[in-house]
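K.L.:
Protein chains in written order, with the working numbering: chain H, 54 to 292; chain Z, 21 to 323; chain R, 442 to 843.
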Amino acid sequence: MSAPILELRNLSAGWGSAPAIREVSLTVERGEIVTIIGANGAGKSTTLMAISSILRPMSGQVLYEGADTASVAAEKLPAMGLCQVPEGRRIFPRLTVAENLDMGAYFRKDGDAVRHDMEHVFELFPRLRERRDQKGGTLSGGEQQMLAIGRALMGRPKLLLLDEPSLGLAPLIVEHIFAIIRRINEESDMTVLLVEQNANLALGLAHRGYVMETGRISMTDTAENLLQNPDIRRAYLGE
Amino acid sequence: MDFFLQQLINALTLGGFYALIALGYTMVYGIIQLINFAHGEFFAAGGYMGVILLAWMNSQGYMQTHPWICLTIAFVLAMAYCAILAMGVEKIAYKPLRKASKLSVLLSALGMSIFLQNGLMLTQGVYDKTYPGVFAKGAVQMGGFNITYLQIIALGITGLLLVGLNRLVYKSRLGKAMRATAQDRVMATLVGVSSDRIISLTFAIGAALAAASGILVGLYYGSVRYDMGFVPGIKAFAAAVLGGIGSITGAMLGGLIIGMTEIFSAAYISGEYKDVFAFIILIAVLYFMPTGLLGENINDTRV
Amino acid sequence: MTPASKAMLTKIVVGAVWLFAVVWPMTGITPQGFEFGKAISIVGFAMAAVLAGLGLWKLRQKLDAAGFKPFTALANRCCGMPPWLWRGLLLAALLAFPFVSSRYGQDVAINVLVYVTLGLGLNIVVGLAGLLDLGYIAFYGVGAYTYALLSIHYQLSFWLALPLCAVMAAAAGVVIGYPTLRMRGDYLAIVTLGFGEILRIILNNWMQLTGGPNGLLGIKPAAVYLPDPENGWEFVRVLLKSPEAQYFLVLAIALFTVVSVRRLADSRIGRAWEAIREDETAAAIMGVNTFALKLLAYSLGAVFGGLAGAFFSAKMRFVSPGSFTFIESAMVLAMVVLGGMGSVPGIVLGALALIALPEVFRDFENYRMLVFGAAMALMMLFRPAGLIPAKRVGRRSEEAHS
Chain H
54 MSAPILELRN LSAGWGSAPA IREVSLTVER GEIVTIIGAN GAGKSTTLMA ISSILRPMSG
114 QVLYEGADTA SVAAEKLPAM GLCQVPEGRR IFPRLTVAEN LDMGAYFRKD GDAVRHDMEH
174 VFELFPRLRE RRDQKGGTLS GGEQQMLAIG RALMGRPKLL LLDEPSLGLA PLIVEHIFAI
234 IRRINEESDM TVLLVEQNAN LALGLAHRGY VMETGRISMT DTAENLLQNP DIRRAYLGE
Chain Z
21 MDFFLQQLIN ALTLGGFYAL IALGYTMVYG IIQLINFAHG EFFAAGGYMG VILLAWMNSQ
81 GYMQTHPWIC LTIAFVLAMA YCAILAMGVE KIAYKPLRKA SKLSVLLSAL GMSIFLQNGL
141 MLTQGVYDKT YPGVFAKGAV QMGGFNITYL QIIALGITGL LLVGLNRLVY KSRLGKAMRA
201 TAQDRVMATL VGVSSDRIIS LTFAIGAALA AASGILVGLY YGSVRYDMGF VPGIKAFAAA
261 VLGGIGSITG AMLGGLIIGM TEIFSAAYIS GEYKDVFAFI ILIAVLYFMP TGLLGENIND
321 TRV
Chain R
442 MTPASKAMLT KIVVGAVWLF AVVWPMTGIT PQGFEFGKAI SIVGFAMAAV LAGLGLWKLR
502 QKLDAAGFKP FTALANRCCG MPPWLWRGLL LAALLAFPFV SSRYGQDVAI NVLVYVTLGL
562 GLNIVVGLAG LLDLGYIAFY GVGAYTYALL SIHYQLSFWL ALPLCAVMAA AAGVVIGYPT
622 LRMRGDYLAI VTLGFGEILR IILNNWMQLT GGPNGLLGIK PAAVYLPDPE NGWEFVRVLL
682 KSPEAQYFLV LAIALFTVVS VRRLADSRIG RAWEAIREDE TAAAIMGVNT FALKLLAYSL
742 GAVFGGLAGA FFSAKMRFVS PGSFTFIESA MVLAMVVLGG MGSVPGIVLG ALALIALPEV
802 FRDFENYRML VFGAAMALMM LFRPAGLIPA KRVGRRSEEA HS
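#1: Step through the CB atoms of chain Z and report whether any lies within less than 8 Å of the CB of P799(R).
#2: Determine, using beta-carbon pairs with one atom in the region 156-175 of chain H and one in the region 198-208 of chain H, whether at least three such pairs fall under 8 Å.
#3: With DSSP as the reference, label D170(H) as helix, strand or coil.
#4: Please state the DSSP three-state secondary structure of Y263(H).
#5: One question on the structure: do F257(Z) and I642(R) come within less than 8 Å of each other, judged by their Cβ atoms?
#6: Determine the chain H residues that contact V203(Z) at a beta-carbon separation under 8 Å, and present them in chain order.
#7: Tell me V160(Z)'s beta-bridge partners as DSSP assigns them.
#8: Any beta carbon from chain Z within less than 8 Å of S838(R)'s own beta carbon?
#9: Using beta carbons (cut-off 8 Å, strictly below), is M156(H) in contact with chain Z?
#10: Closest by CA to A304(Z), which one among G571(R), A695(R), G635(R) and A462(R)?
#11: For Q281(H), name the three-state secondary structure that DSSP assigns.
#12: Taking the alpha carbon of M47(Z) as the point to measure from, which residue in G163(Z), T33(Z), G264(Z) and V213(Z) has its own alpha carbon closest?
#13: Starting from the N-terminal side, write out each stretch of the alpha helix (DSSP H) that is 4 residues or longer and does not extend beyond the region 560-641 of chain R.
#14: Run through the region 707-790 of chain R for me and flag every whole alpha helix (DSSP H) of 4 or more residues, listed as ranges in chain order.
#15: Where DSSP assigns a beta bridge to I270(H), which residues make up the other side?
#16: Determine the direct distance from the alpha carbon of Y628(R) to that of A841(R), and round the result to whole angstroms.
#17: Leaving out the 5 sequence neighbours to the left and right, which residues in its chain are closer than 6 Å to Q547(R) when beta-carbon positions are compared?
#18: For the alpha helix (DSSP H) holding T433(R), just list the boundary residues, first then last.
#19: Can you tell me the Cα-Cα spacing of D163(H) and P131(H), whole angstroms?
#20: For A738(R) versus W714(R), is the C-beta distance shorter than 8 Å?
#21: Under a three-way DSSP split, which group does T311(Z) fall into?
#22: Return the CA-CA distance between L592(R) and M488(R), expressed in angstroms with no decimal places.
#23: Kindly indicate if chain Z contains any beta-carbon less than 8 Å away from that of D627(R).
#24: Run down chain C in chain order and give the residues with a C-beta less than 7 Å from the C-beta of F299(Z).
#25: My output table needs one value for F178(H): the three-state DSSP class, helix, strand or coil.
#26: Within its chain, find whatever has a CB closer than 6 Å to the CB of G67(H); leave out the 5 residues flanking it on each side and keep chain order.
#27: Using DSSP's beta-bridge definition, name the partner residues of Q114(H).
#28: Distance cutoff 8 Å, beta carbons only. Does E166(Z) sit that close to anything in chain R?
#29: Going by other Cβ atoms of all chains shown within 10 Å of its Cβ, with 16 needed for buried, is Y588(R) buried or exposed?
#30: Buried or exposed: which applies to M449(R), given that a residue is buried once 16 or more other Cβ atoms fall within 10 Å of its Cβ?
#31: Measure how close the beta-carbons of P152(Z) and M83(Z) come, nearest whole angstrom, since I'm counting them as under 8 Å.
#32: Strictly under 8 Å for the Cβ-Cβ distance: is G814(R) near chain Z by that measure?
#33: Rounded to whole angstroms, how far is the Cβ of N238(H) from the Cβ of G189(H), which I believe are closer than 8 Å?
#34: So with CB distances below 9 Å, who are the chain R contacts of P310(Z)?
#35: Below 8 Å on the Cβ atoms is my contact criterion, and I expect V138(H) with L220(H) to pass it. Report the Cβ-Cβ distance as a whole number of Å.
#36: Apart from the five residues just before and just after G157(H), which ones in its own chain have a Cβ nearer than 8 Å to its Cβ?
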């Protein structure tokens, strides 16, 4: 059995001098969809930024494919198959849709395959094809989310980090986006680490889940068990 | 009318010089929100490198036999020189301050400007240095006004560089990465762009353009001086702000407007106060359009 | 060899190669041929300086590790004293200074005090209200020319002219401040810089009023009435021409400025300025009249510039546009930032550092500005928050916005 694709060992990190996440440990196996659920400000996005090496750990380790990422520059990770769709989508507002997608494949040198992948993204999200030459900043929220996911897919990630893809979107669009996440997970065997406030949706999609509270992992289980758990139902599902 | 057309040619030439310098300001500002006060010094260093190289080639006799090749070599080497200079300055004085307050970086830039200007003075002396006058003083007569050969050279090279830069920024992979880094540095890192490398290259490109402007100014006015970078530097920065800082087309437009204002107010109103008019235009534009002529305001999170 | 020191060695070698590539073309290519000596000696000198600096740095780290902190200990002891005691001692030292110092020392001290006044004035605009002003020296110029013109044409006494200078400078502050109020951040910087340049160009070219580049001559020094012991203690008019007298005059102005700025900073207005600095939108929502307060910051900041200017022209008895260039604005700004924005002792220290230290390099006159520029950049690298950081600064002024 090979090493898990991602493992955090007692990771502490934060933006200022005080850590926003403390001693977080979790593992993600190849091919899984794993979700981290938790309230606003629990430290979910901080965790993802630390995994992408935008934040350097204050203590603890991030192991990607079994190797510590401490000595790897953040910009090298996408080429190693670790891509993130960050909170707030962060579309390049003054690049066109096509240029945004191109940026997702920035590190790739295989031009033909990149064009093929762009076609694939356009098949997944036909709306983006229509908006191809429009500036990213002029898209609607749902379109921006599609573009952000499409941009990450352009890097052919092995592990995709998704930060709150449902935030601020209409339920119908959220359903569409989640269906696509499941599809790419099944079709191309891509591992997904999904951060969500919407626990119901996230647990419906994921295989396993972690619950995060005030910077720490408070609970972990399979998605079904978490969905049945009365504490979770009370705290995150509004019952 | 002829007088007007004559002034228009002069204004285009001057505006081109400003535009080339303004591009460096606007590109650097666009990417790290820093007014690079040392940028005017890259312009001056370029002017000096030009005269040093041309004088050497002149003394070796190459200028008499192959003037065009010599001119090209002078441009390429001086631009490369300033690019290397700028990359070093960025590494030493700006990069360690990425996380410091804006004012600290600004002062570091001011310090570098003073340092480089005095370095130029100490190595090159306080007096004007004259360009070898190989490129003849001739002119093309067109009705009642004329275009000097130097103006043709200047306009040609300026045009070439502006078109080249536009292609680089809007068509190439590097240009895309530069724009992406300017718009969202963290996100650019998340898709695999090394922002440090892009910032370094941005300084290099800006300085190379300023260096080209320095040689053109040296050729056009015949001489260079160690403190020649200051006033054109301020005016070029004004041009960048006028056009909307961060916008490449804006910098070109702003440069032309400042050049026009200067030439036409000198020709029709008053020579002594031409710079005052340039600044008044700047202030008026900013008063009515606080983001400049072509400044975009898609997200206002960074001021 | 550890990886860290190996990386350091690579850095030094790359730096040396870069420096040579930058210095050699400027010094070595001459019409007579190539020459390497100068470039090699410059690079060698720079490398020696870098190595010496690294050595000192290492030494300091070792001392720190050993718990050797003389400055902290000294600072703690000073803080332990009651404030009236050290304030009294400081004042006594300031009053005694001209009697123990040489003529040259007095000149330097006068200069430092002028810049302390300017720095504190600019601090209102930059440090408290957070408005970047690169043309502050214009107010200094307005004050200087106002007194010069009043003195030459109307023989107005210095003491009567002083408030007029302040008023004129404040008016100039409003004129410059008004159109810039809607602008933010760096747009403000270029516009204030532009105004500074406009003033200098006007001073240079309005021959009838300002005498152009030749400046104005024949300005009267300030005068006071003092009892004369040799004349039966009768009051006689004494011109403040001697360096000692000028020192006391500028000391009075500087102390007035220190007290005023401290009181302003601790007032309601000062807190409102700081609110604007930290978040203008939030301040406006909380009911701060940002428009009026920004204008007030400009004009009050200008007042102190004007006072310093009036003193300057009374002291020199001559003014010319050459004294009001951008480099002076940069110098004052450097003091404010270097000292630690918003902190009064910091600014005093900044003025001392920037005026007095280059005096040490007097003997290498040509290298003075070179050293000044390098020092400015280096200080920012090592103490980006200033020598004595102000206590009340928030997130926005400390961090670059991401």
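The beta-carbon is built from N, C-alpha and C at its ideal position, and this holds for glycine as well.
P.N.:
Taking the geometry as given:
#1: So, not an interface residue.
#2: Enough Cβ pairs lie closer than 8 Å, so yes.
#3: Helix.
#4: Strand at Y263(H).
#5: No, they are not a contact pair.
#6: It should be pointed out that residue 203(Z) corresponds to Gln in this sequence rather than to Val. F145, P146, R147 and L148, listed in chain order.
#7: I167(Z).
#8: Annotation note: pLDDT 48 at S838(R) (below 50); position unreliable, no value reported.
#9: So yes, M156(H) belongs to the interface.
#10: Among G571(R), A695(R), G635(R) and A462(R), the Cα nearest to that of A304(Z) is on G635(R).
#11: In the structure shown, Q281(H) sits in a helix (DSSP, three-state: H, G or I).
#12: Comparing Cα-Cα distances from M47(Z) to each of G163(Z), T33(Z), G264(Z) and V213(Z), the minimum goes to G264(Z).
#13: Entirely contained in the region 560-641 of chain R, the alpha helix (DSSP H) runs reaching 4 residues are, in chain order, 578-595 and 599-621.
#14: The qualifying runs are 709-719, 721-726, 731-757 and 767-780.
#15: DSSP, once it has assigned bridges, lists M265(H) as partnering I270(H).
#16: Confidence is the limiting factor: at A841(R) the pLDDT is only 37, short of 50, which leaves the residue's position unreliable and the question unanswerable from this model.
#17: P539, P684 and Y688.
#18: Summary: the structure shown does not reach residue 433(R), with chain R confined to residues 442 through 843, and so no result is reported for it.
#19: Roughly 15 Å between the two C-alpha positions.
#20: Yes, the pair counts as a contact, with Cβ atoms nearer than the cut-off.
#21: Taken through DSSP and simplified to helix, strand or coil, T311(Z) comes out as coil.
#22: Sequence check: residue 592(R) is Ser here, not Leu. Near 54 Å, if we compare the C-alpha coordinates of M488(R) and S592(R).
#23: For D627(R), the answer is yes, since a Cβ of chain Z falls inside 8 Å of its Cβ.
#24: Checking the listed chains, one finds no chain C in this structure; the protein chains it contains are H, Z and R.
#25: For F178(H), the secondary structure class from DSSP, reduced to helix, strand or coil, is coil.
#26: Within the same chain, Cβ atoms closer than 6 Å to the Cβ of G67(H) are found at A73, the five residues on either side in sequence being excluded.
#27: As DSSP reads the structure, Q114(H) sits in a beta bridge with R62(H).
#28: Before going on, a small fix: residue 166(Z) reads as Asn here, not Glu. No, N166(Z) does not count as interfacial toward chain R.
#29: Burial call: buried.
#30: Counting other Cβ atoms within 10 Å of its Cβ, M449(R) stays below 16 and is therefore classed as exposed.
#31: Right, their Cβ atoms sit about 7 Å apart.
#32: Under the 8 Å criterion on CB atoms, G814(R) is classed as interfacial with respect to chain Z.
#33: Their Cβ separation, rounded to whole angstroms, is 25 Å, which puts N238(H) and G189(H) out of contact at 8 Å.
#34: Correct list: R623, M624, R625 and Y628.
#35: Not a contact, Cβ separation roughly 11 Å.
#36: Hits under 8 Å: C136, G203, R204, A205, L206, M207 and G208.
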